[in-house]
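*Asks:* Numbering (the numbering used here), first residue to last: 764 to 1074. For every residue, glycine included, the Cβ atom is placed at its ideal position computed from N, Cα and C. Everything numeric in this text was worked out from a predicted model, so none of it was measured. Sharing a structure with you now.
Written as structure tokens, this is what we have:
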């Protein structure tokens, strides 16, 4: 039996979204599998529901039909975490809530939902394969994202093993912040990897993400050396006040340009995940940031003029 066949279809992991018809996270049309858990706390994160590994209660106040009409969630909460608010809506005490999900099960308006579901490798791939006809036609496949997929390293690797056994094109989106052994094992079952490099400045990286960049950069060098044929797509989210200067981007280019089979892309800052912070009872940390289209244009010109994938 080869290592590619030595998989565990019953391995379980926490998944918070399976998104179909993605065309920006690997070649062709892809199904994105978003896993819970991340060791970073990027201040601009658009998936705050991915931070914790465990399921989390989300509450959309606009969908709540009001406590004059319904108090099912209040009645079923054994912790007393849900109470009537001053505006005929509920309030959730996050300190008392244990994220059991009972309130979501009885909410008729789906104002309360749960981010995160425990699924097996088999269950995840069965759902992803509903669109497999588009994979073959477009050269697409399955991309594992998060959060940080390597927070659930064993589950991530089992997903990749089984997906490759079924001859799917595989990709992963990662911060690179994991033990080298996890990344190296995953690379054996990958067609491509989307690798975030946010900044070459370690102190600034730690200030804005909660962790330093040494492990990320070291893993990148090891990966490119050990797997030179692996298609690597480096991406940098450009964040105002963090890494949006010419010097920031030129430093990243200088670091990656001599490695083989590497492409580079800048991602403009956006605020698409802001509402989700409210849903899980958190404040959005980047409320005052605004993207600068002119600066983004200049930075993209630098990338186009100074970096090519065959350097």
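1) Going by the beta-carbon positions, is the gap between residue 1009 and residue 960 smaller than 8 Å?
2) For the beta strand (DSSP E) containing residue 847, list its first residue and its last residue.
3) Are the stretch 794-801 and the stretch 888-906 touching, with three or more C-beta to C-beta distances below 8 Å?
4) Short check: CB of residue 873 to CB of residue 826, under 8 Å?
5) Starting from the Cα of residue 1043, find the closest Cα among 828, 860, 842 and give me that residue.
6) Could you tell me the distance, in whole angstroms, from the CA atom of residue 886 to the CA atom of residue 1055?
7) Can you tell me the Cα-Cα spacing of residue 842 and residue 817, whole angstroms?
8) Taking the C-alpha atoms as reference points, what is the distance between residue 1048 and residue 972?
9) Do three or more CB pairs link the stretch 914-930 to the stretch 851-859 at distances below 8 Å?
10) Determine the direct distance from the alpha carbon of residue 851 to that of residue 924, and round the result to whole angstroms.
11) Nearer than 7 Å: is that true of the beta carbon of residue 1039 relative to any heavy atom of the ligand HEM?
12) What did DSSP end up calling residue 973 once you bin it into helix, strand or coil?
13) So, at 8 Å on beta carbons, what are the nonlocal neighbours of residue 967 in its own chain, with the 5 sequence-adjacent residues on each side left out?
14) If we ignore side chains and look at the alpha-carbon of each, how far apart do residue 870 and residue 814 end up?
15) Does the distance from the C-beta atom of residue 1062 to that of residue 1001 stay below 8 Å?
16) Of the choices 810, 997, 829, 901, whose alpha-carbon is the least far from that of residue 1020?
17) Kindly indicate which residue of 991, 1045, 1014 has the alpha-carbon position closest to the one of residue 1022.
18) With distance defined between alpha-carbon atoms, name the residue in 1012, 862, 1052 nearest to residue 806.
19) Please state whether DSSP places residue 779 in a helix, a strand or coil.
*Replies:* Let's see:
1) For this step, residue 1009 is matched to residue 246 along the chain shown. For this step, residue 960 is matched to residue 197 along the chain shown. Against a cut-off of 8 Å, the Cβ pair of residue 960 and residue 1009 comes out as no contact.
2) In the chain shown, counting from the first residue as 1, residue 847 sits at position 84. From DSSP, the beta strand (DSSP E) with residue 847 extends over 845-847.
3) yes
4) The residue given as residue 873 occupies position 110 in the chain shown. The residue given as residue 826 occupies position 63 in the chain shown. Yes, Cβ-Cβ distance for residue 873 and residue 826 is below 8 Å.
5) In the chain shown, residue 1043 corresponds to position 280, counting from 1. Closest option to residue 1043, Cα to Cα, is 860.
6) The residue labelled residue 886 in the question sits at position 123 within the chain shown. The residue labelled residue 1055 in the question sits at position 292 within the chain shown. Cα to Cα, residue 886 sits roughly 42 Å from residue 1055.
7) Within the chain shown, numbered from 1, the residue matching residue 842 stands at position 79. Within the chain shown, numbered from 1, the residue matching residue 817 stands at position 54. So the two alpha carbons sit approximately 18 Å from each other.
8) As a position in the chain shown, residue 1048 is number 285, starting the count at 1. As a position in the chain shown, residue 972 is number 209, starting the count at 1. Each residue's alpha carbon lies about 12 Å from the other.
9) no
10) Translated into the one-based positions of the chain shown, residue 924 becomes position 161. Translated into the one-based positions of the chain shown, residue 851 becomes position 88. For residue 924 and residue 851, the distance between alpha carbons rounds to 50 Å.
11) In the structure shown, the ligand HEM is absent, as is every other ligand, since no ligand is present at all.
12) Position 210 of the chain shown, counted from the first residue, corresponds to residue 973. It is coil, neither helix nor strand.
13) The count along the chain shown starts at 1 and reaches residue 967 at position 204. 1005, 1006.
14) Residue 870 sits at position 107 when you count from the first residue of the chain shown. Residue 814 sits at position 51 when you count from the first residue of the chain shown. Cα-Cα distance, rounded: 25 Å.
15) As a working note, residue 1062 is residue 299 in the chain shown. As a working note, residue 1001 is residue 238 in the chain shown. Their beta carbons are under 8 Å apart, which means residue 1062 touches residue 1001 by this criterion.
16) Reading the chain shown from its first residue, position 257 is the one you call residue 1020. The shortest C-alpha separation from residue 1020 is found at 997.
17) Numbered from its first residue, the chain shown carries residue 1022 at position 259. For the residues 991, 1045, 1014, the minimum Cα distance to residue 1022 belongs to 991.
18) Walking along the chain shown from the start, residue 806 turns up at place 43. That would be 1052, whose Cα lies nearest to the Cα of residue 806.
19) Locating residue 779 in the chain shown gives position 16, counting from the first residue. Residue 779: strand per DSSP, three-state reduction.
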